[in-house]
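A.B. asks: Quick note: the sequence shown, position 322, residue 322 per UniProt numbering, numbers continuous. Glycine residues also receive a C-beta, built at the ideal position from the N, C-alpha and C atoms.
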Amino acid sequence: MSSTSRIQNVALPGTAPDTKWTVELEGGTVRQLSPYEDNAESSQPAIDGQGGLLAPSLCHPHIHLDKAYLLSHPRYSHLQIERGDFQEAMDLTGKAKSQFERADLLERGQRVIDESVTAGVTHMRAFVEVDAGVHTKCLDAGIELKQNAYNDKNCLIQLCAFAQLPLFSPAKDDSNGDVIRSLIRSAAQTGHIDAVGSTPYVEADGKRMKQNVEWMVDLSIEFGLHMDFHLDYNLDSNTEPMVWHVVQTLKDRKWRQRTSHRTVVLGHCTRLTLWDDAQWRELANDIAEADLPISFVGLPTSDLFMMRTGQQPEVRGTLNVPKLIDEYGLNACIGINNIGNAFTPQGSCDPLALACQGVGIYQTGTKRDTELLYECISTRAKAAIGVQQQRRDMDVNIQVGDKADLVLLRGCGAGQAQWRTRKSVSEAVYLYDHCQSRRTFLAGEISAAKE
Ligand SMILES: [Zn+2]
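Okay, structure coming up:
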């Protein structure tokens, strides 16, 4: 980690092609943008971008820190995927959780943070589970990882105390949810938690799913925390979408008035991919009328692995994130969810790889589309999880006064063909760079992986 006040010879989003810029940083923000002059003399230390793109940093809106890399960690090598379905993922992860120890939680979580920071991530919402099996093991490790990342000025981590298991239905060693509810409540009181989250769909029946939602909404109000639901994770048109109950409960409890600067994120929501236009418009109107800060997070790598589409080929089994933004005026973003476990064995900690895949997943290939995909892993993801930003618009242009949370895709050195350099957001999204030569800046300072 080192300090810098000037990044020079960079391409900036939203500027004329082939223009190069010098970006001055001060006090953690962007102080000045000026055309780059090759021979300008300055006593300030500078980073040379070699003509590459400098853009807003990346954000994981939804990532599970405690169950990452289970398939490759030697401690869990006996727990490998045989079928690849949701029930098996729950079973394998349940078995792994019974063996979690602080040391391996720290080791696996640190790998997520390291690989994310290398990719340009400065902010993330990390889920850590609490239940009768793991008690506070995942939470305690999450707090240590969060504090270390903060002290190292590597990455700002929001922790979400998360109930993957039911709050009101029977689970192992917790016959009616008393244990897990008490653990989530205690987690909310620690002062280290930013959000609380649950999975209403794991409850035994609809009544208890609704009870789960209501209990979490009340808890978030009581402790002034963000909310994060894994919601409507199915592709069954016979099930009642729980999203209506979330919106209604937030309205009934006057959540907007009783919390400040807090947001609600709804993840997965694959059931809603079966909706028609009218249903989406109804939901979008409902949310807008109540002025609820709800965002949707699509988790395509998980959804496409887990959700069997079967008889309806037009259903892609994952939220059409660009359409939610463009057609219904909702905020939405995309996240990797899991990495290296039975819920999502494949992928990487690089959100830009996800945006790159998004071109095909959502079949959105124009220049504007690629900018929107970048927003979904950067500005929109930060807004979803309630990271305070200087301006409300979501575009990826860099302006004076913006926080200096940035990622540089450094260009080619002298002697190499300059056209290979990624100079625009669309080139960065279309042409995956395998994280080569990226530099991450958090509040104007270079952040780097611990190892
Ligand atoms: Zn998740």
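1) Can you tell me which of the three DSSP states Ser-220 falls into?
2) If you run the structure through DSSP and keep just helix, strand and coil, what is Pro-74?
3) Might you give, ordered along the chain, the residues of its own chain that have their beta carbon closer than 8 Å to the beta carbon of Met-256, omitting 5 neighbours on each side?
4) Please list, in chain order, all residues of the same chain as Ser-237 whose beta carbon is under 6 Å from its beta carbon, the five residues on each side excluded.
5) Cα separation between Ala-68 and Thr-15?
6) Would you check if there are 3 or more beta carbon pairs closer than 8 Å linking the stretch 413 to 432 to the stretch 326 to 337?
7) Could you check what DSSP says for Arg-357 in three-state terms: helix, strand or coil?
8) Out of curiosity, what's the CA-to-CA distance linking Met-390 and Lys-403?
9) Go ahead and label Ser-2 buried or exposed: buried means 16 or more other beta carbons lie within 10 angstroms of its beta carbon, across all protein chains shown.
10) Taking only heavy atoms of ligand 1 into account, decide whether any of them is closer than 7 Å to the Cβ of His-226.
11) Tell me, please, which residues DSSP counts as bridged to Gln-388.
12) Hey, how far is the Cα of Gly-224 from the Cα of Leu-406?
13) Roughly how many whole angstroms lie between the Cα atoms of Cys-160 and Ile-385?
14) Who pairs with Asn-337 in a beta bridge, going by DSSP?
15) Tell me the start and end of each unbroken beta strand (DSSP E) in the stretch 362 to 419 that is at least 3 residues and wholly inside, in chain order.
16) In whole angstroms, what separates the C-alpha of Leu-106 from that of Arg-439?
17) Within 10 Å of its beta-carbon, does Gln-158 have 16 or more other beta-carbons around it, so buried, or fewer, so exposed?
18) Helix, strand or coil, according to DSSP, for Asn-212 in the structure here?
19) Can you list the beta strand (DSSP E) stretches of 3 or more residues lying completely in the stretch 259 to 297, in chain order?
20) Where Lys-254 and Ala-353 are concerned, what is the direct C-alpha to C-alpha distance, given to the nearest angstrom?
21) Give a yes or no on whether the C-beta atoms belonging to Met-242 and Gly-197 are separated by under 8 Å.
22) Helix, strand or coil: which one does DSSP assign to Gly-197?
23) Can you check whether the CB of Arg-258 is closer than 8 Å to the CB of Ile-221?
24) If we count the other Cβ atoms within 10 Å of its Cβ and call it buried at 16 or more, is Gln-436 buried or exposed?
25) Counting pairs of beta carbons, one from the stretch 6 to 21 and one from the stretch 54 to 74, are three or more of them closer than 8 Å?
26) Lys-127: beta carbon under 7 Å from a heavy atom of ligand 1?
27) Does the Cβ of Val-400 have 16 or more other Cβ atoms within 10 Å, making it buried, or fewer, making it exposed?
28) Pick helix, strand or coil for Gln-311, following the three-state DSSP scheme.
29) Compute the minimum distance between the beta carbon of Asn-337 and the heavy atoms of ligand 1, and state whether it is under 7 Å.
30) What's the C-alpha gap between Glu-240 and Met-307?
31) Assuming Phe-162 is part of the beta strand (DSSP E), what are its boundary residues?
32) Report the three-state DSSP secondary structure of Met-1 (helix, strand or coil).
33) State yes or no: is the C-beta of Gly-109 nearer than 7 Å to some heavy atom of ligand 1?
34) Any heavy atom of ligand 1 closer than 7 Å to the Cβ of His-64?
35) Just to check, is the beta-carbon of Gly-14 closer than 7 Å to a non-hydrogen atom of ligand 1?
36) Ordered along the chain, which non-local residues of its own chain (more than five positions away) have a Cβ less than 7 Å from that of Arg-108?
C.D. replies: For this structure:
1) Reduced to three states, the DSSP call for Ser-220 is helix.
2) Helix at Pro-74.
3) Note that residue 256 is Arg in the sequence shown here, rather than Met. Contacts found: Leu-250, Ala-290, Asp-291, Leu-292 and Pro-293.
4) Residues Leu-274 of the same chain have their beta carbon placed closer than 6 Å to that of Ser-237, with the five preceding and five following residues left out of the count.
5) Each residue's alpha carbon lies about 39 Å from the other.
6) Touching, no.
7) Contrary to the premise, residue 357 reads as Gln rather than Arg in this sequence. Gln-357 falls in the helix class under three-state DSSP.
8) In the sequence on display, residue 390 carries Gln and not Met. Their Cα atoms are separated by approximately 7 Å.
9) In this prediction, Ser-2 has a pLDDT of 49, which is less than 50 and means its spatial position is unreliable; what the coordinates show is noted afterwards. Counting the other Cβ atoms within 10 Å of the Cβ of Ser-2 gives fewer than 16, which makes it exposed.
10) Every heavy atom of ligand 1 is 7 Å or more from the Cβ of His-226, so no.
11) DSSP output for Gln-388 lists no bridge partner at all.
12) C-alpha separation (whole angstroms): 29 Å.
13) Their Cα atoms are separated by approximately 10 Å.
14) Answer is Ile-63.
15) If you keep only unbroken beta strand (DSSP E) runs of at least 3 residues inside the stretch 362 to 419, you get 406 to 409.
16) Leu-106 and Arg-439 have their C-alpha atoms spaced approximately 24 Å apart.
17) By the neighbour-count definition (other C-beta atoms within 10 Å, threshold 16), Gln-158 is a buried residue.
18) In this structure, Asn-212 counts as helix in the three-state DSSP scheme.
19) Counting whole runs of 3 or more residues, the stretch 259 to 297 contains the beta strand (DSSP E) stretches 264 to 268.
20) Approximately 39 Å between the Cα atoms of the pair.
21) No. Outside cutoff.
22) The answer is strand: DSSP assigns Gly-197 an E or B state.
23) When the beta-carbon positions are compared, Ile-221 and Arg-258 come within less than 8 Å of each other.
24) Classification for Gln-436: exposed.
25) At 8 Å Cβ cutoff, the stretches touch.
26) In the sequence under discussion, the amino acid at residue 127 is Phe, which differs from the Lys named in the question. Yes - ligand 1 has a heavy atom lying nearer than 7 Å to the Cβ of Phe-127.
27) The residue in question, Val-400, is exposed, as its Cβ has fewer than 16 Cβ neighbours within 10 Å.
28) In this predicted model, Gln-311 has a pLDDT of only 48, less than 50, meaning its place in the structure is not dependable enough to derive any value.
29) Flag set: Cβ of Asn-337 near ligand 1.
30) Roughly 17 Å separates the two Cα atoms.
31) Counting along the chain, the beta strand (DSSP E) containing Phe-162 begins and ends at 156 to 163.
32) Legend: pLDDT at Met-1 = 45, less than 50; position of this residue unreliable, value from coordinates given subsequently. In the three-state reduction of the DSSP assignment, Met-1 falls in the coil class, being assigned neither a helical nor a strand state.
33) Answer for Gly-109: no, Cβ out of range of ligand 1.
34) At least one heavy atom of ligand 1 falls within 7 Å of the beta-carbon of His-64.
35) No, the Cβ of Gly-14 stays beyond 7 Å of every heavy atom of ligand 1.
36) Counting only residues of its own chain and dropping the five nearest sequence neighbours on each side, Arg-108 has a CB closer than 7 Å to the CB of Ala-68, Tyr-69 and His-73.
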